[in-house]
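Numbering (full-length UniProt numbering), first residue to last: 1 to 218. Where is the CB? At the ideal position from N, CA and C, for every residue including glycine. Keep in mind that this is a model prediction, so the values were computed, not measured.
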């Protein structure tokens with residue numbers, strides 16, 4: 001996890017996932033306790049916030065942004081590629097929205113990005129939007145250096161001599177997008193179908209934060 005301070009410094013923290021319960025599940029109380037979001041905190045998660053429309057195999061936002069992980073219309077069981085990731089992320093969003101901190105989500109809790117405190121991002125798409133030249137592989141030293149330079153050009157500051165991992169850089173990018181919802185919302189675009197709650201109480205679809213085309217930000 002990346003924590004971005006108002007003046008630009010970035011620090012990284014590791015918050016382990018809670019153990020599964022006796023039935024092999026992740027309860028909302030355990031998730032909310034493991035990932036505490038305070039009443040003044042703003043969280044941006046690199047993972048799906050909701051299920052697809054009934055009958056759909058992928059969310060519209062994921063299709064538009066070419067996300068490799070596809071969220072179906074039912075909560076997947078762990079086992080296959082991305083299934084545990086998708087399941088855990090959807091459960092985490094529900095837990096953070098309904099937990100003690102009650103972090104409001106865009107569309108279902110407020111129509112204004114500046115009032116929401118819980119968002120979804122897909123760093124892979126945003127890196128492509130930011131790049132002025134082809135980026136190296138995200139795990140390579142050169143690719144990491146390119147991504148770090150892009151964030152530093154936006155005012156983020158890392159520890160001297162540090163070379164964050166690609167996961168840490170993705171987390172820092174998410175934190176920066178969250179800050180833009182307060183400091184420069186005109187630079188952002190929420191991609192996809194607005195989030196809604198079905199009759200069973202499940203969150204469906206949901207928009208992903210991304211940067212606007214430069215010509216559309218003016």
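Contact between the region 9-24 and the region 164-173 is present, with at least three C-beta pairs closer than 8 Å. When Cβ pairs closer than 8 Å are counted between the two stretches, the region 191-202 is seen not to touch the region 130-146, the count staying below three.
Annotated as proximal: residue 51 and residue 204, with beta-carbon spacing under 8 Å. With contacts defined as CB atoms closer than 8 Å, residue 46 and residue 149 fail to qualify as a contacting pair. In chain order, 117, 178 place their CB closer than 6 Å to the CB of residue 42, counting only its own chain and leaving out the 5 sequence neighbours on each side.
Sequence-distant Cβ neighbours of residue 212 in its own chain, meaning closer than 7 Å and more than five residues away, are 187, 188, 189.
If you check the CB distance, residue 103 and residue 28 do not come in under 8 Å.
Sequence-distant Cβ neighbours of residue 49 in its own chain, meaning closer than 6 Å and more than five residues away, are 93, 120, 206. In chain order, 204 place their CB closer than 6 Å to the CB of residue 198, counting only its own chain and leaving out the 5 sequence neighbours on each side. For residue 105, the secondary structure class from DSSP, reduced to helix, strand or coil, is strand. By the neighbour-count criterion, in which 16 or more other beta carbons inside 10 Å mark a residue as buried, residue 62 falls on the buried side. Residue state for residue 126 is assigned as helix, using DSSP reduced to three classes. Here residue 176 really is in contact with residue 4; their C-beta atoms are around 6 Å apart, less than 8 Å. Within the model, the alpha-carbon separation for residue 31 versus residue 18 is close to 7 Å.
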